[in-house]
Each structure stands twice: as C-alpha cells, then as structure tokens.
Amino acid sequence: MGHDISPIANHKLNTKDVKVLAEDICSRIDINIEYGYWGQKEHFKLLGENKDDENVILGKIIKNEKFKTFRLIDESYQLKQLHQKYGDNLFYNPEYWIYYDGKLPEEKWINEERKELVIPNFELTLISSDETEYLSIHKELYSNDIPYYSRWWSFCRLFTESNFDNFEYLEGLLEFRKELMKYTLAFGGDKIYYLDDQSSVLEGVGQGSEWELSWTEFEKFVADKTLPLMLDIPQFLTNRNYRNEFIEKKEYPLSFIDDFSDIK
Numbered sequence: 004m005g006h007d008i009s010p011i012a013n014h015k016l017n018t019k020d021v022k023v024l025a026e027d028i029c030s031r032i033d034i035n036i037e038y039g040y041w042g043q044k045e046h047f048k049l050l051g052e053n054k055d056d057e058n059v060i061l062g063k064i065i066k067n068e069k070f071k072t073f074r075l076i077d078e079s080y081q082l083k084q085l086h087q088k089y090g091d092n093l094f095y096n097p098e099y100w101i102y103y104d105g106k107l108p109e110e111k112w113i114n115e116e117r118k119e120l121v122i123p124n125f126e127l128t129l130i131s132s133d134e135t136e137y138l139s140i141h142k143e144l145y146s147n148d149i150p151y152y153s154r155w156w157s158f159c160r161l162f163t164e165s166n167f168d169n170f171e172y173l174e175g176l177l178e179f180r181k182e183l184m185k186y187t188l189a190f191g192g193d194k195i196y197y198l199d200d201q202s203s204v205l206e207g208v209g210q211g212s213e214w215e216l217s218w219t220e221f222e223k224f225v226a227d228k229t230l231p232l233m234l235d236i237p238q239f240l241t242n243r244n245y246r247n248e249f250i251e252k253k254e255y256p257l258s259f260i261d262d263f264s265d266i267k
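Just remember that our numbering sits 3 ahead of the position in the sequence shown, which is counted from 1.
Listed below in structure tokens is the structure:
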C-alpha cells in the first residue's frame, strides 16, 4: 500500500457543535455547507426512532450557488444523543456495541469511546462524484486533504535528489503550499506539518491518531519522533547552508514543517 502525504495544521475554528462550526467555516472561506451526522439503524432504535442507516442533514448554508458544496459531519453526534438519554449506562449496554456480536468490548475500548464525547471529531467532504476533497477537524488541529501534490516518497525525493532545481517541480510545490496556506491562515493557524501517513515511527499520528492531541502535544510528539530528520521547507528553499547540510545526511526526511514564511 502506497504512502501518502498527511498535511496537519493548527486552527482556531469554533468546534462547539456542528452548526456553529459550519457557520464559522463559511465565514472564513467561500464554500457552501450542508451539515449533520451519520445515523445507524440500531442507534436510532435505542433513541426510540424507526429509521434505517442514513445521513441526517440538520441544515444548509448556501453562500453562493457557484461555490463548491461540502458536507460537514459530526462523527460523535449520535453518541452524544444516546449519552444524553442513557448516561454512562450506555457504554455497558451490548445493544450499543453494534460490531461486537452482542458482547461488551474491553474497558480500554469503552474509555476510547468516552473520549468521543469531549474531543471534537468532524469530517468536511466535498459532495461530488468525481473529486475527493476532505478535511478532518479536531479541537486544535485539522488534516487537509483538499489539495494533492504527490505520494510521500516522491515528495521526499523532491528535496533529497536535487529535484528542487527543476522549475516544474518547484511550481507544483508552490501551488500545493499556497493552497494549504490559504486554508490554514483562514482558519486561524500559522503552520503545517507534512507527515507520512504510514510512518514506522509516528505510531498512527498522520493516519488519524492525532485526533485527541492538543496542538502543543502534537508538535512535541512529532519533534520527539522525527528530529533531526524534520525538514523545514522555507529554510530549505531559501538557506543554501541549511539545504546542503540536510542533503549531506543522505536520508529521507521523517517529517516536514512549513510556516509559509517564504511565500506570505
């Protein structure tokens, strides 16, 4: 399975609830949003509702019919509804655990589920049949998979095999970074990390495990795991000494950091 780039940045979006977040996003960038949650038949039953699995749309924000329309999903919405009705007894009701064949999971998985009540977990996905664009938004960080540049190893080779001297490669990199900068600055962030989504050293961070980390915890974790093979992109592109020193290591980067200081 190929390795992909996972761009993760900080933000100051309001993640209080799905409606508030949708309004905040639309106030910052030009898109339309329909917002809601994915409901499962068995959980509807626990709520006293006779429904099949379905996307429940709670509302829509249309800024301009010409803008792209995204769907914002609160991944924890139905859990919060159920917890409001049953309290902590919910976690010890086998009917809640749809995929455990009528049994309760181990306590560690129950504790993981509890985190969903307090840690924001949203997905913003383009509604389109021929394009794949999405964001994963958490309390202080988000993962941006809207723009695409290359697979992970190609990205690494751009910096380690002198491809940075190639105008075509540099133009593509610049457009990729500008697009990510647009979202990050609009959302109140100031930097982004590019991670290997299947890194052997990041323990799932970059592949979803970052969802419960604060931005401070995330930065410390990435630094602890990837220094001294963390490549600073603006420094690499503007500082010849820094560039030569990194190339002389003759190793692929384990992570990249980008504050866009060379292109702001």
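We treat Cβ as the ideally placed atom computed from N, Cα and C, and that holds for glycine.
{"Check": "Contact between the segment 26 to 38 and the segment 69 to 86: three or more CB pairs below 8 Å?", "Outcome": "yes"}
{"Check": "How far does the alpha helix (DSSP H) with G175 in it extend, from its first residue to its last?", "Outcome": "F170 to A189"}
{"Check": "Using the three-state DSSP reduction, which class does L107 fall into: helix, strand or coil?", "Outcome": "coil"}
{"Check": "When you compare each of F179, K142 and I149 to F158 by their alpha carbons, which one comes out closest?", "Outcome": "F179"}
{"Check": "How big is the Cα-Cα spacing for W112 and V21?", "Outcome": "25 Å"}
{"Check": "Roughly how far, in whole angstroms, is the beta-carbon of F125 from the beta-carbon of D77, given that I think they are within contact range, below 8 Å?", "Outcome": "6 Å"}
{"Check": "Determine the burial state of Q186: buried for a count of at least 16 other Cβ atoms within 10 Å of its Cβ, exposed for fewer.", "Outcome": "Looking at the sequence shown, residue 186 is not Gln but Tyr. When all chains shown are included, Y186 counts as buried."}
{"Check": "Could you give the uninterrupted runs of the beta strand (DSSP E) lying entirely in the segment 10 to 42, keeping only those of 3 residues or more?", "Outcome": "35 to 42"}
{"Check": "For the candidate residues L120, T128, D261 and K19, whose alpha-carbon lies nearest to that of K194?", "Outcome": "D261"}
{"Check": "Does DSSP put R260 in a helix, in a strand, or in coil?", "Outcome": "Rather than Arg, the amino acid found at residue 260 in this sequence is Ile. It is a strand residue."}
{"Check": "Less than 7 Å between the C-beta atoms of S9 and G192, yes or no?", "Outcome": "no"}
{"Check": "Is S139 buried or exposed, if buried means 16 or more other CB atoms sit within 10 Å of its CB?", "Outcome": "buried"}
{"Check": "E26 to E174, Cα distance in whole Å?", "Outcome": "34 Å"}
{"Check": "Under 7 Å between the Cβ atoms of K31 and A189?", "Outcome": "Here the sequence assigns Arg to residue 31, which means Lys is not the residue at that position. Yes, the pair counts as a contact, with Cβ atoms nearer than the cut-off."}
{"Check": "Rounded to whole angstroms, what's the CA-CA distance from K54 to F47? Just pull it up for me.", "Outcome": "6 Å"}
{"Check": "According to DSSP, is N124 helix, strand or coil?", "Outcome": "coil"}
{"Check": "Could you please give the first and the last residue of the uninterrupted alpha helix (DSSP H) stretch that includes K48?", "Outcome": "K44 to L49"}
{"Check": "Checking 7 Å against the spacing of the C-beta atoms, do T163 and Y255 come in under that value?", "Outcome": "yes"}
{"Check": "Whole angstroms is fine: what's the gap from I236's alpha carbon to S264's?", "Outcome": "9 Å"}
{"Check": "Can you name the start and end residues of the beta strand (DSSP E) that V208 belongs to?", "Outcome": "Note, V208: premise wrong, no beta strand (DSSP E); not H, not E."}
{"Check": "Could you tell me which residues DSSP pairs with E57 in its beta bridges?", "Outcome": "G42"}
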